[in-house]
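Worksheet: one structure, shown below.
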Amino acid sequence: MRLPEAIFLQTVTGEYPEDQSAVDPADKDIFLKPDLDSFRLVPWTQEPTALVIHDCFYADGSPVEMAPRYVLQKIVNAYRERGWIPVVAPELEFYLIKPNPDADYPLEPPVGRSGRAEAGRQSFSIDAVNEFDPLFEDLYDYCESLDISLETLNHEAGAAQMEVNLLHGDPVAIADQAFLFKRTVRETALRHKMYASFMAKPMEKE
Numbered sequence: 017m018r019l020p021e022a023i024f025l026q027t028v029t030g031e032y033p034e035d036q037s038a039v040d041p042a043d044k045d046i047f048l049k050p051d052l053d054s055f056r057l058v059p060w061t062q063e064p065t066a067l068v069i070h071d072c073f074y075a076d077g078s079p080v081e082m083a084p085r086y087v088l089q090k091i092v093n094a095y096r097e098r099g100w101i102p103v104v105a106p107e108l109e110f111y112l113i114k115p116n117p118d119a120d121y122p123l124e125p126p127v128g129r130s131g132r133a134e135a136g137r138q139s140f141s142i143d144a145v146n147e148f149d150p151l152f153e154d155l156y157d158y159c160e161s162l163d164i165s166l167e168t169l170n171h172e173a174g175a176a177q178m179e180v181n182l183l184h185g186d187p188v189a190i191a192d193q194a195f196l197f198k199r200t201v202r203e204t205a206l207r208h209k210m211y212a213s214f215m216a217k218p219m220e221k222e
């Protein structure tokens, strides 16, 4: 499998910066090599579907040094050369959002099981999390299937803002889990007629 080298310069809006000196002017292909340790079956698809995370290489076999996964691998190796064992445990925060097909309108919290949307701040509220129990039950099942090691889930300060902690572990393995977790949350939310956003403050009044 191949991708253009300039993919690492692409912005979230699909545009490219004027300064592209970090890549070859010819925008040459890079080659993707699957890391079979990351192979997983996707639990929410009807047809059998798998996913796998890849590492990036040039045609001569040298690694693409700007690839985020390689940057992390290089840092981890630098620690190990000193005899250190790096361990990480990320905290991931996201908002559940009411479906909004028109980007010109402000985002709002979704309606939970009670039939009402959150209006105030409910940090660490169990009831506020329980508003979305069906979603989180599916999320935990999907994460278990994908070997994503969730430790805790609680309500954060914002309206329908949730926080998840992953168990401590190897930085590269945990980064892969964080990548998969974001995709899993968004897919689970869509299946429950909501959006999920990992933006810091997607709603106007937060």
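Residues in the sequence shown are numbered consecutively from 17, following our numbering.
Even glycine gets a Cβ: it sits at the ideal position worked out from N, Cα and C.
These figures come from a predicted structure and were not determined experimentally.
Bridge partner(s) assigned by DSSP for residue i
{"i": "F110", "result": "M178"}
{"i": "N170", "result": "E179"}
{"i": "A213", "result": "According to the sequence displayed, residue 213 carries Ser and not Ala. S213 is bridged to Y111."}
{"i": "I164", "result": "Partner(s): none; I164 has no beta bridge."}
{"i": "R56", "result": "L67"}
{"i": "L19", "result": "I46"}
{"i": "G185", "result": "V104"}
Proximity winner among the options, relative to residue i (alpha-carbon distances)
{"i": "M17", "options": "E63, F73, P59", "result": "F73"}
{"i": "L183", "options": "A205, C159, G174", "result": "C159"}
{"i": "V87", "options": "E222, S37, A175, F24", "result": "F24"}
{"i": "E170", "options": "D53, S78, L108", "result": "Per the sequence presented here, residue 170 reads as Asn, with Glu not at that position. Comparing Cα-Cα distances from N170 to each of D53, S78, L108, the minimum goes to L108."}
{"i": "K114", "options": "L19, L206, E222", "result": "L206"}
{"i": "V80", "options": "G128, A194, A38, R132", "result": "A38"}
{"i": "A216", "options": "G30, I164, N116, E172", "result": "E172"}
{"i": "N93", "options": "V201, V188, D149", "result": "V188"}
{"i": "T200", "options": "R132, K221, I101, T61", "result": "T61"}
{"i": "G128", "options": "D143, T168, R137, N116", "result": "D143"}
{"i": "L196", "options": "D120, R132, Y121, I164", "result": "I164"}
Within 8 Å, strictly: CB atoms of residue i and residue j
{"i": "D40", "j": "E21", "result": "yes"}
{"i": "V103", "j": "G185", "result": "yes"}
{"i": "A212", "j": "F55", "result": "no"}
{"i": "D192", "j": "I46", "result": "no"}
{"i": "L123", "j": "P218", "result": "yes"}
{"i": "V145", "j": "L166", "result": "no"}
{"i": "K49", "j": "D76", "result": "no"}
{"i": "A42", "j": "P106", "result": "no"}
{"i": "M210", "j": "P126", "result": "yes"}
Inter-residue CB distance, residue i and residue j (contact presumed, cutoff 8 Å)
{"i": "L16", "j": "P59", "result": "Shown here, the chain extends from 17 to 222; a query on residue 16 therefore has no answer."}
{"i": "E134", "j": "A176", "result": "5 Å"}
{"i": "E147", "j": "S130", "result": "6 Å"}
{"i": "L52", "j": "A66", "result": "About 11 Å; that fails the 8 Å criterion."}
* Asked: Which ranges would you report for the alpha helix (DSSP H) in the segment 72-156 if only whole runs of at least 4 residues count?
  -> 84-97, 142-146
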